[in-house]
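Numbering (our numbering), first residue to last: 20 to 451.
The beta-carbon is built from N, C-alpha and C at its ideal position, and this holds for glycine as well.
Here is the structure we will look at.
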């Protein structure tokens, strides 16, 4: 099938590459000329495992093309995916101006029937507004259908999530569009839930908000465990064995980050407000998440007694492992607070350092974890990269000024660093 993907960000680029891998003829469009130039020269602007191989392979086979010419891409395609950004406004509502711009461009360029798919995360009723906008600017008065097809891609495993999805949600209100979307996704052999457009839009926000709530819940439990002298790891294990609950997203830590959970939770609160509902549960989720970062800073302050002029080695800057995404990363707030207290920060992240340099100033960026530990009064773990779990802790100890690890992701069994002579502090465990 001939597909156009508007937007070459995380969602758009993965969507385009994966549909090309399934044998479709895909054109990925973006207004950022520099980004398109890089992609046409084989440079991937984001770190996402497996994506570089997929893009290179499908560019070579001509299944995947990159351009800034949206008009031509629209005319040549049967299906058009809207994958542009929906950043938060100051009010917390989603900014839909990019979605509206693409919708209008589609309306003015299309000269035959199109299926227009909103893939961006948008508030409920956006599909209706997209349809209304396209109808208003439908220069050639051709038929079209709008479909909601929310993405459920996790940064760091997005390619695998696309190619092996738990489910595919498609909100549409015409049999023609339904059959086209069914044929498109048929090669994945995954469960497809067909629903109305509004329900599909809410499914995305509800899913991300539920996962954010689950993270905040276990972090609240971690705080209770610290006060009671219990072990949150064992509590989470006991909870997770219940099939109704499940073990995923029950890892206590410094809170959730990234572009999706904070943005989508805030947007869902605003959506509910507009509909006349006070989403107090989700507001509490946000409050717990913000508290978790502040509470972790207090742990560091308590462990060091005086933070001013102390050297703190930071391991991990990205909001999660296997990505270079720094958007809403907990590390930003935590490091900024420590800097206000006068701490000297040395930091290492396997992938996110370059992006962090545009956000965090006054930091010594290191080439590896050992350099970050050298001369440090404390080593603080903020991202659970696999390589941090396999460090030579004896070497780390020999490099540090003081053998103190403050683990915001609970990557170690407390007995391991303690047996080597470290003072070890983590989240929701008796070592705290």
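In chain order, each alpha helix (DSSP H) run of at least 4 residues that lies wholly inside the region 196-270:
216-247, 251-259
Excluding sequence positions up to five away, which residues of its chain have a Cβ less than 6 Å from the Cβ of residue 268?
Residue numbering aside, residue 268 sits at position 249 when the chain shown is read from its first letter. Contacts found: 230, 233, 234.
Tell me the rounded alpha-carbon separation between residue 451 and residue 170.
Start at 1 with the first residue of the chain shown, and residue 451 comes out as number 432. Start at 1 with the first residue of the chain shown, and residue 170 comes out as number 151. At residue 451, the pLDDT of 46 sits below 50, so the modelled position is not reliable and the matter cannot be decided from this model.
Decide yes or no for the touch test of the region 69-81 against the region 239-248: beta carbon pairs closer than 8 Å, at least 3 of them.
no
Could you check whether the region 316-323 touches the region 356-369, counting it as contact only if at least three pairs of C-beta atoms, one from each stretch, sit closer than 8 Å?
yes
Would residue 167 pass as a contact of residue 146 if the rule is Cβ separation under 8 Å?
Numbered from its first residue, the chain shown carries residue 167 at position 148. Numbered from its first residue, the chain shown carries residue 146 at position 127. Yes, they are a contact pair.
Near residue 39, what residues of its chain come up, given a Cβ to Cβ distance below 6 Å and the 5 sequence neighbours on each side ignored?
Along the chain shown, one-based indexing puts residue 39 at 20. The residues are 45, 77, 82, 83.
Given residue 127, which residues of its chain have a CB within under 6 Å of its CB, disregarding the five upstream and five downstream residues?
The residue given as residue 127 occupies position 108 in the chain shown. Closer than 6 Å at the Cβ level, and outside the excluded window around residue 127, lie 156, 158.
What does the alpha-carbon distance come out to for the pair residue 124 and residue 63?
Stepping through the chain shown from its first residue, residue 124 is reached at position 105. Stepping through the chain shown from its first residue, residue 63 is reached at position 44. Rounded to whole angstroms, residue 124 to residue 63 spans 26 Å at the Cα level.
Contact set for residue 61: own chain, Cβ-Cβ below 7 Å, skip 5 residues either direction
For the purposes of this step, residue 61 is taken as the residue at position 42 of the chain shown. Within the same chain, residue 61 has close Cβ partners 75.
Within the continuous alpha helix (DSSP H) that includes residue 296, where are the two ends?
Position 277 of the chain shown holds residue 296. It is not in any alpha helix (DSSP H) - residue 296 carries neither H nor E in the DSSP assignment.
Out of 421, 402, 419, point me to the one whose CA is closest to residue 430's CA.
Mapped onto the chain shown, residue 430 falls at position 411. That would be 402, whose Cα lies nearest to the Cα of residue 430.
Indicate the three-state DSSP secondary structure (helix, strand or coil) for residue 100 in the structure shown.
Numbered from its first residue, the chain shown carries residue 100 at position 81. It is a strand residue.
Please report the straight-line C-alpha distance between residue 462 and residue 288, rounded to a whole angstrom.
Examination of residue 462 is not possible in this model, given that the chain is present from 20 through 451 alone.
The alpha helix (DSSP H) spanning residue 119 covers which residue range?
Residue numbering aside, residue 119 sits at position 100 when the chain shown is read from its first letter. Looking at the DSSP string, the run of the alpha helix (DSSP H) that includes residue 119 is 116-128.
Let's see if you can read the secondary structure: which residues bound the beta strand (DSSP E) around residue 163?
Counting from 1 along the chain shown, the entry for residue 163 is found at position 144. Its beta strand (DSSP E) spans residues 163-167.
Can you tell me the Cβ-Cβ gap for residue 447 and residue 400, rounded? I've got them flagged as a contact below 8 Å.
As a working mapping, residue 447 is identified with position 428 in the chain shown. As a working mapping, residue 400 is identified with position 381 in the chain shown. That belief does not hold up - the Cβ atoms of residue 447 and residue 400 are roughly 15 Å apart, past 8 Å.
With 16 other CB atoms within 10 Å as the buried threshold, where does residue 224 fall?
Stepping through the chain shown from its first residue, residue 224 is reached at position 205. So residue 224 ends up on the buried side.
C-alpha distance - residue 343 paired with residue 277, whole-angstrom precision:
Translated into the one-based positions of the chain shown, residue 343 becomes position 324. Translated into the one-based positions of the chain shown, residue 277 becomes position 258. So the two alpha carbons sit approximately 10 Å from each other.
Could you say which of 174, 141, 154 lies nearest to residue 32 if we only look at CA atoms?
Along the chain shown, one-based indexing puts residue 32 at 13. Residue 32 has its Cα closest to that of 174, out of 174, 141, 154.
Does the distance from the C-beta atom of residue 132 to that of residue 161 stay below 8 Å?
By 1-based counting over the chain shown, the position of residue 132 is 113. By 1-based counting over the chain shown, the position of residue 161 is 142. Cβ distance < 8 Å, so residue 132 and residue 161 count as in contact.
Measuring alpha carbon to alpha carbon, tell me which residue in 290, 187, 352, 292 is nearest residue 312.
As a first step, residue 312 must be located in the chain shown, where it is residue number 293. Minimum Cα distance to residue 312 is reached at 352.
According to DSSP, which residues form a beta bridge with residue 47?
For this step, residue 47 is matched to residue 28 along the chain shown. Paired residues: 24, 85.
Should residue 13 go down as buried or exposed, given a rule of 16 or more other Cβ atoms within 10 Å for buried?
One cannot answer for residue 13 here, as it falls past the ends of the chain, which runs 20 to 451.
Buried or exposed, going by whether 16 or more other CB atoms sit within 10 Å of the CB of residue 294?
The residue given as residue 294 occupies position 275 in the chain shown. Burial call: exposed.
Residue 286 beta carbon less than 8 Å from that of residue 107:
Position 88 of the chain shown, counted from the start, is the residue given in the question as residue 107. Position 267 of the chain shown, counted from the start, is the residue given in the question as residue 286. It is a contact, given that the beta carbons lie within the stated cut-off.
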